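Protein chains in written order, with my numbering: chain R, 2 to 392; chain F, 11 to 179.
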Amino acid sequence: MQSRWDIGEPEKPTINEETEQLKSELLTLNMGPQHPATHGVLRIEIKTDSEIVAHAIPHLGYLHRCMEKHCENLDYRGVIPFFDRLDYLASMSQEHTYVMAVEKMLGTEVPRRAELIRIIVLEFQRIASHLMAFGTYALDLGAFSPFLYAFQDREEILRFFEELSGARLLYNYIWVGGVWNDLTDDQVEKMKSFLDRFEENTKTYHELVSMNQIFIQRTANVGVMSLQDCFDYGATGPVLRGAGYKWDLRKQAPYSLYSEFDFDVQVGVGEIGQVGDCWNRFIVRMREVGESIKILRQAFDKLEPGSIMGKVPKIIKLPKGEIYMKTECPRGELGVHLVSEDGGKTPYRLKVKSPCFTHTSMLPRVAPGQMIADFVATVGSIDIVLGEVDR
Amino acid sequence: MSTHLHQHSSFKQYFLNLFHAIYTTVKGMYITFSYVWGVKVVSIEYPEVREVLPARARMRLFNDAENCISCTQCAMACPVDCIYIASEKMPEGAEIKKTTSGSPIRLLLTQFTIDTALCCYCGLCTTVCPTECLTHSHDYEFAQYTIDAMKYDYLAPDVRAWRDRIVKA
Ligand code: SF4
Ligand code: SF4
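Right under this line is the structure:
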């Protein structure tokens, strides 16, 4: 039976008279699920012709937790912790998407201070997530110390989140109508001084990794995802921007208060390698960190005292209807399709459109013809989190 | 001819690459070596040195059963349904006690168990508790050998004895 993932038989090596006696066949190699380079429990079945990948098929589902079905039995507040566990490296962004969908259906007005605190945590989350991507990517390619530097900075951000929400990774912080806890001036000062230090550190990271010749040789012109491929598969986020297309929902379809902020959308321009390759995807992430710092500085200036929770009924009941809400998460566009019954306390259906899933499905497209080592570089460069792929 | 030129340029490129690789690696090594002296240690030597957790840190749950009014709001808020509460009517003539916040306790709590193995530390139960008797403690070392040992019966004397140790001020 043909699996949905099959994209036809791999091309057979041509056999001429000389090699007729030396029969060759493709070697099947399983990368994962317990493989550090697959960033979680992804199994990729690779058919290799010596060192060249002829065919790569991702097998998903090792982290499937039936999250969408579970949500149909939970009240609207109880769904939020489940959203944390989708993309566990960027929980704030995931919560925010869901909460915005519920707020839109309820017609809740979110206080300005709450919106600003949300933007602060979202951008810090983006930095933390990109730092993780930076560190693990360098680790994939054999450089160990950048990983440790990235973790030092990430640790400080997680510390802020722990002070704010009580948890390091799975926050349950952004609530329907506002946020759970208020940000104190003390914390704002700490965050500001961290940003100053961190901005210096990013320069070191560029020197250490992005401009390192060995790194460039490993990533430039490797794993090219052309713009047409990105459109065909529906890629978003750094993958699409790395291919040179200016598309960021914070700019193109501003939600929350993003329209008030002044920042650029970073795209890959191919000053090294070509647009759409691993290096350009990587550099888009690194430059986005700089944009996030810009947004954060502006957000701190805008911050003014006020309430952090809007008017929300004690038991949330939504009117009949449906909504599709999408936001720009660190890994791409996360979409939430929420269908509600009239006066129901639980969602009728909650569908999550995950960017990582889309990007994983692009792997069979780019893999054929790559060396195995380059394939590892490609998998690392799309920065997938399996919690979100499998849900 | 063109092939020859190509070879020539790639030959030059090869050495240029080599030079760049060595140069940028030395630069990277310089950054790494600057950490050898004069940079303070970032990691914590865990069992000897312990981190002070922020006030809001959400660790093991603790229910101060004396203050619980058996309203079951926490059990209803819990997304994974891991709080088991049973209560019955107060026996005739028993005096109605009050919680520290002053609300009368009208029901006799007969069971209050949390399956910590299922709990996802989301904190939703603590936010709905009207008497604030259910709180997250700062206790994070509670690994067990069996999964049954993760079920805490907050009416049992040994679990109650934690109170002096872990209740937040
Ligand atoms: S912290 Fe969350 S999962 Fe744990 S008992 Fe409370 S509501 Fe349930
Ligand atoms: S919400 Fe508080 S008072 Fe009510 S049953 Fe739970 S622990 Fe007891």
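The C-beta atom is built at its ideal place from N, Cα and C for all residues, glycine as well.
Remember, it's a predicted structure, so these values are computed and weren't measured experimentally.
Quick one: grab the DSSP three-state call for residue i.
| i | result |
| --- | --- |
| S4 (chain R) | Below a pLDDT of 50, predicted positions are generally treated as unreliable, and S4 (chain R), at 48, falls in that range; the measurement from the model is reported next regardless. The answer is coil: DSSP assigns S4 (chain R) none of H, G, I, E or B. |
| Q17 (chain F) | Because Q17 (chain F) sits at a pLDDT of 47, beneath the cut-off of 50, its placement in the model cannot be relied upon, and the following sentence gives the value as read from the coordinates. Correct three-state label for Q17 (chain F): helix. |
| L228 (chain R) | helix |
| S362 (chain R) | helix |
| F122 (chain F) | strand |
| G277 (chain R) | coil |
| H148 (chain F) | coil |
| H56 (chain R) | strand |
| I215 (chain R) | helix |
| Y162 (chain F) | strand |
| T5 (chain F) | A question about residue 5 (chain F) goes unanswered here, because the residues of chain F that appear run from 11 up to 179. |
| L250 (chain R) | helix |
| H338 (chain R) | strand |
| L351 (chain R) | strand |
| G243 (chain R) | helix |
| I95 (chain F) | strand |
| V50 (chain R) | Note on residue identity: the sequence assigns Asp, not Val, to residue 50 (chain R). Note: D50 (chain R) maps to strand in three-state DSSP. |
| L304 (chain R) | coil |
| F396 (chain R) | Beyond the ends of chain R as shown, which are 2 and 392, falls residue 396 (chain R); an answer cannot be given. |
| G179 (chain R) | strand |
| F44 (chain R) | It is Arg, not Phe, that sits at residue 44 (chain R) in the sequence shown. Strand at R44 (chain R). |
| Y325 (chain R) | strand |
Below 9 Å on C-beta distance, what does residue i contact in chain F?
| i | result |
| --- | --- |
| Q153 (chain R) | V52 |
| F135 (chain R) | Going along chain F, no residue has its Cβ under 9 Å from F135 (chain R), so there is no contact; the nearest lies around 14 Å. |
| G79 (chain R) | A87, C88, P89, V90, C132 and L134 |
Return yes when the C-beta of residue i is under 6 Å from any heavy atom of ligand 2, and no when it is not.
| i | result |
| --- | --- |
| C84 (chain F) | yes |
| L144 (chain F) | yes |
| I373 (chain R) | no |
| I273 (chain R) | no |
| I79 (chain F) | yes |
| N74 (chain R) | no |
| N202 (chain R) | no |
| T141 (chain F) | yes |
| N222 (chain R) | no |
If I'm right that residue i touches residue j with Cβ under 8 Å, what's the distance once you round it to whole angstroms?
| i | j | result |
| --- | --- | --- |
| L107 (chain R) | I317 (chain R) | 7 Å |
| E329 (chain R) | L339 (chain R) | Wrong, their Cβ atoms sit about 19 Å apart, outside the cutoff. |
| D125 (chain F) | C84 (chain F) | Their Cβ separation, rounded to whole angstroms, is 13 Å, which puts D125 (chain F) and C84 (chain F) out of contact at 8 Å. |
| L387 (chain R) | L75 (chain R) | Contact flag wrong, Cβ pair sits at about 22 Å. |
| Y138 (chain R) | G381 (chain R) | 5 Å |
| I120 (chain R) | A300 (chain R) | 5 Å |
| R288 (chain R) | Q275 (chain R) | The Cβ separation is near 17 Å, so there is no contact. |
| L63 (chain F) | C129 (chain F) | Incorrect: roughly 18 Å between the Cβ atoms, too far for contact. |
| R66 (chain F) | S92 (chain R) | Not a contact, Cβ separation roughly 16 Å. |
| R1 (chain R) | G243 (chain R) | Residue 1 (chain R) cannot be examined here, being either before or after the span of chain R that is shown, 2 to 392. |
| S80 (chain F) | L119 (chain F) | 5 Å |
| A236 (chain R) | M363 (chain R) | 6 Å |
| G277 (chain R) | P356 (chain R) | That belief does not hold up - the Cβ atoms of G277 (chain R) and P356 (chain R) are roughly 16 Å apart, past 8 Å. |
Note down, in chain order, every chain R residue with its Cβ under 7 Å from the Cβ of residue i.
| i | result |
| --- | --- |
| T42 (chain F) | S146 |
| C143 (chain F) | The premise fails here: C143 (chain F) is roughly 18 Å from chain R at the closest Cβ pair, so nothing lies under 7 Å. |
| N229 (chain F) | There is no way to answer for residue 229 (chain F), as the model of chain F reaches only from 11 to 179. |
| A202 (chain F) | With chain F running from 11 to 179 in the structure shown, residue 202 (chain F) is simply not present. |
For residue i, go through chain R and note every residue whose CB falls closer than 8 Å to its CB, in chain order.
| i | result |
| --- | --- |
| H146 (chain F) | G167 |
| T35 (chain F) | N213, Q214 and I215 |
| G112 (chain F) | By Cβ distance, chain R contributes nothing, its closest Cβ being about 22 Å from G112 (chain F), past 8 Å. |
List, in chain order, every chain F residue whose beta-carbon is nearer than 8 Å to that of residue i.
| i | result |
| --- | --- |
| F83 (chain R) | P89 |
| N173 (chain R) | C132, G133 and L134 |
| N182 (chain R) | R66 |
At a threshold of 6 Å, does residue i count as lining ligand 1 (C-beta to nearest heavy atom)?
| i | result |
| --- | --- |
| Y131 (chain F) | yes |
| L27 (chain R) | no |
| L171 (chain R) | no |
| V90 (chain F) | yes |
| I93 (chain F) | yes |
| C135 (chain F) | yes |
What does residue i reach in chain F if we use C-beta pairs closer than 7 Å?
| i | result |
| --- | --- |
| L75 (chain R) | P89 |
| E163 (chain R) | P64 and A67 |
Name the chain R residues whose beta carbon is nearer than 9 Å to that of residue i?
| i | result |
| --- | --- |
| G103 (chain F) | Simply none; closest approach about 35 Å. |
Item to check | Residues within the region 209-229 of chain R neighbouring chain F, beta-carbon criterion of under 9 Å | outcome: L209, V210, M212, N213, Q214, I215, F216, I217 and Q218
Checklist entry - Using a Cβ cut-off of 9 Å, which residues of the region 243-268 of chain R contact any Cβ in chain F, in chain order? => result none
Checklist entry - Taking a cut of 7 Å between CB atoms, which residues from the region 62-73 of chain F lie near chain R? => result P64, R66, A67 and R68
Item to check | Members of the region 191-207 of chain R that neighbour chain F once the beta carbon cut-off is set at 9 Å | outcome: T205
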